[in-house]
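As structure tokens, the structure follows; a few thoughts come after it.
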Amino acid sequence: MIDPLQATHRNPQPFAHLSAPNAPVYRQVLRAFARAKERFVVHLRPEDIAAELRRDGDEQLTQALDKLVEWGNLRADADTGRVTSVEDFHRKRFLFQLTTAGHAAEQAIAFYEEAIGRRGALQSVALSDIAGQLQALHELAEQADPDPVKVHLLLLSLAERFSSLADNAQAFMASLRRAIDFSDGDVEGFVAYKERLIDYIDRFIADLANSGARIALLLTELEAHDHGRLLRLAARREAADAVPEGDDEAEAYGRAEAAAHASWENRWQGLREWFVSRDASRPSQARLLRQSAVTAIKQLLDAVGLLNERRSGRSDRSADFRALARWFAEAPDEPATHRLWRAAFGLSPARHLTVTAETLSTWKEGDLAPGTSWRDAPPIRISPQLRMTGSYERRGKPNRIQDRSQARRLLLEHVEREAIETAAARTRLRTDGPTLLSELDVLDPRAFRLFLSLIGDALAARLPGETEVKVASGDGSMEIRLSLVPGGGQVEIHTVDGVLTGPEHLIEITDLMEVS
Numbered sequence: 047m048i049d050p051l052q053a054t055h056r057n058p059q060p061f062a063h064l065s066a067p068n069a070p071v072y073r074q075v076l077r078a079f080a081r082a083k084e085r086f087v088v089h090l091r092p093e094d095i096a097a098e099l100r101r102d103g104d105e106q107l108t109q110a111l112d113k114l115v116e117w118g119n120l121r122a123d124a125d126t127g128r129v130t131s132v133e134d135f136h137r138k139r140f141l142f143q144l145t146t147a148g149h150a151a152e153q154a155i156a157f158y159e160e161a162i163g164r165r166g167a168l169q170s171v172a173l174s175d176i177a178g179q180l181q182a183l184h185e186l187a188e189q190a191d192p193d194p195v196k197v198h199l200l201l202l203s204l205a206e207r208f209s210s211l212a213d214n215a216q217a218f219m220a221s222l223r224r225a226i227d228f229s230d231g232d233v234e235g236f237v238a239y240k241e242r243l244i245d246y247i248d249r250f251i252a253d254l255a256n257s258g259a260r261i262a263l264l265l266t267e268l269e270a271h272d273h274g275r276l277l278r279l280a281a282r283r284e285a286a287d288a289v290p291e292g293d294d295e296a297e298a299y300g301r302a303e304a305a306a307h308a309s310w311e312n313r314w315q316g317l318r319e320w321f322v323s324r325d326a327s328r329p330s331q332a333r334l335l336r337q338s339a340v341t342a343i344k345q346l347l348d349a350v351g352l353l354n355e356r357r358s359g360r361s362d363r364s365a366d367f368r369a370l371a372r373w374f375a376e377a378p379d380e381p382a383t384h385r386l387w388r389a390a391f392g393l394s395p396a397r398h399l400t401v402t403a404e405t406l407s408t409w410k411e412g413d414l415a416p417g418t419s420w421r422d423a424p425p426i427r428i429s430p431q432l433r434m435t436g437s438y439e440r441r442g443k444p445n446r447i448q449d450r451s452q453a454r455r456l457l458l459e460h461v462e463r464e465a466i467e468t469a470a471a472r473t474r475l476r477t478d479g480p481t482l483l484s485e486l487d488v489l490d491p492r493a494f495r496l497f498l499s500l501i502g503d504a505l506a507a508r509l510p511g512e513t514e515v516k517v518a519s520g521d522g523s524m525e526i527r528l529s530l531v532p533g534g535g536q537v538e539i540h541t542v543d544g545v546l547t548g549p550e551h552l553i554e555i556t557d558l559m560e561v562s
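When the letters of the sequence shown are read in order and numbered with the numbering used here, they come out as residues 47 to 562.
Listed below in structure tokens is the structure:
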């Protein structure tokens, strides 16, 4: 047995216990030390560890402690605190504690296990917190001499909350692919889970559209009030704790302040790119997340639909191929498999369909009827090269490569024109407040189609008996609030294509794309 007091930690191997025999025992012992450290307990006796693990202090536990000391995870010190006699002094008693290497290894293993098992989450609460912190920063930015402590603490809280939101959203979307892949196990449980998941994502999309627009507006307003001044205050406060290097303390402080300011500028740029789109070709991360979430909902619905088809007994392509594979396996001989192949896929050689000038001349000379079978028709002479290699080299110049730059330019102009027209339609429909349907002017065709889509989304979301509804469009670009006007009668909306009639409503349309 190794004497713990003689063990050296010159070359610690704190991860050796992961691949050693009885690795679960070593993990339980080290977790007990980690939990004790969280309770600010530094030293543990063997009987304390046994009580923590709810087991007897047997020989296996003693050997595990000795090996962990040997590997450098633990340090053993002589326990003289309870010596009452000479016999107690000569009996080996030890106090164990985590070494620096052992503690670092436990933190690394815990981080790895958390990252591997992490599913992520779509944090609607984090969106609200970020908006609240930006509002508080906006109030400080309006002050002539803002408190550096408050500014720094708000920016630290904002960075931490935003980092958590981004990391969790990334982890959730990565794990969502595994959730879409379903098995044929508990069908009822699977369908119920998918319904809850779709409802969860749908609520987050709505929150992201609303809170994201508010956050983008606050970021724009903060930049208009010189947000860099707040970042410099936070950088100066962080640089105050910089350790002096060399003889020039002022120079060391300046380098620390510049590094801290560059770090805050980088974080702010990341926050802006997450919520504010640069242009149509570089959308914000929040907008891309909305699109990914909408796509995920469609994939979940497709998965549920496919599962329902299987439950109802309907066949699909995979089932057809499995049945065909079974028929191939049960075929009595090789000719039967060839006949099955031709019947299933119809991929027999079709060289008899090739008609050359010589063949046409032969057919005319023989006065063949149009319905003559190819079996009875004159043979077709093919090139020996075609028969040997299956390819035929055409003589003469190759076809010229077509220049499609003009077509691509026209397509790009068409896409840009549609984007401009759609933006104009959104601007045309946007209201500065609640407006009666009867007060809307004549709508052009594109604005009218967008208007019908918004009205359809609102009416579809309104439950029976309700008179008011508020809903975002499917792509999250616009928001419509629709309220029925009691006794308002029928109204008419004139368009280029005709007149739309319906009951009077109070309508409010907000263009969310202006700030996201």
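Heads up, the beta-carbon is just placed ideally off N, CA and C, and yes, glycines get one too.
As the structure is a prediction and not an experimental result, all values here were calculated from the model.
| Asked | Found |
| --- | --- |
| C-alpha gap between GLU284 and ALA306, whole angstroms | 7 Å |
| Given 8 Å, three or more beta-carbon pairs between the segment 312-330 and the segment 196-214 | yes |
| Closest Cα partner of ALA156 within the set LEU76, ALA507 and ASP104 | LEU76 |
| 6 Å CB neighbourhood of PRO58 in its chain, flanking five on each side removed | GLY118 and ALA147 |
| Where GLU538 sits in the DSSP three-state scheme | strand |
| Under 8 Å between C-beta atoms of PRO480 and VAL542 | no |
| C-beta contact flag for GLN345 and LEU264 at 8 Å | no |
| Assigned secondary structure, SER323 (DSSP; H/G/I helix, E/B strand, else coil) | coil |
| Integer Cβ distance of ILE251 from VAL340, believed to fall under 8 Å | 7 Å |
| Rounded straight-line distance, which links the Cα of ARG333 to that of ALA255 | 8 Å |
| Among GLU550, ILE447, ARG421 and ARG527, nearest to GLU485 - alpha-carbon criterion | GLU550 |
| Nearest-angstrom Cα separation, counted from ALA371 out to ARG46 | Any answer about residue 46 is impossible in this case: the structure gives the chain only from 47 up to 562. |
| Secondary structure, alpha helix (DSSP H): runs of 4+ residues fully inside the segment 97-121 | 105-117 |
| Buried or exposed by the 16-neighbour rule on C-beta atoms within 10 Å, applied to HIS273 | buried |
| Helix, strand or coil at THR513 according to DSSP, with G and I counted as helix | coil |
| 8 Å CB neighbourhood of ARG91 in its chain, flanking five on each side removed | ASP125, ARG139, PHE140, LEU141 and PHE142 |
| GLN536 CB to nearest heavy atom of the ligand NAD below 7 Å | Among the components modelled here there is no ligand, and therefore nothing to report on the ligand NAD. |
| For HIS398, three-class secondary structure by DSSP | Confidence is the limiting factor: at HIS398 the pLDDT is only 48, short of 50, which leaves the residue's position unreliable and the question unanswerable from this model. |
| Distance CB(ALA215)-CB(LEU335) smaller than 8 Å | yes |
| Through-space distance from ARG260 to LEU213, alpha-carbon basis | The residue you asked about is not Leu; residue 213 is Asp in the sequence shown. Using only the alpha carbons, I get a separation of about 21 Å. |
| Assigned exposure category for LEU456 - 16 Cβ within 10 Å defines buried | exposed |
| Alpha-carbon spacing of LEU12 relative to LEU211, whole angstroms | Any question about residue 12 goes unanswered here, given that the chain covers just 47 to 562. |
| DSSP three-state assignment for ILE466, whether helix, strand or coil | helix |
| Rounded Cβ spacing between ALA504 and LEU528 (contact assumed at less than 8 Å) | 4 Å |
| In DSSP terms, what PHE142 is bridged to | LEU90 and ALA122 |
| Coil, strand or helix - GLU266 by DSSP | Residue identity differs from the one stated: residue 266 is Thr in this sequence, not Glu. Three-state result, THR266: helix. |
| Boundaries of the beta strand (DSSP E) in which ASP503 is found, first to last residue | No beta strand (DSSP E) contains ASP503, which is instead part of the alpha helix (DSSP H) from 491-507. |
| Buried versus exposed, by CB contacts within 10 Å (16 or more), GLU297 | exposed |
| Inter-residue spacing [alpha-carbon to alpha-carbon] between SER364 and PHE391 | 15 Å |
| Residues of its chain near ALA62, where Cβ-Cβ distance is below 7 Å and the 5 sequence neighbours each way are ignored | TRP117 |
| Reduced DSSP category for ALA377 - H, G, I as helix; E, B as strand; rest coil | coil |
| Opening and closing residue of the alpha helix (DSSP H) in which LEU76 lies | 69-84 |
| Where GLY548 falls: helix, strand or coil (DSSP) | strand |
| Identity of the residues DSSP links to ASP557 by a beta bridge | MET524 |
| GLU206 versus ILE176 - alpha carbon distance | 10 Å |
| Reference VAL171, options ALA220, ASP112, GLY258 and LEU99, closest by Cα | GLY258 |
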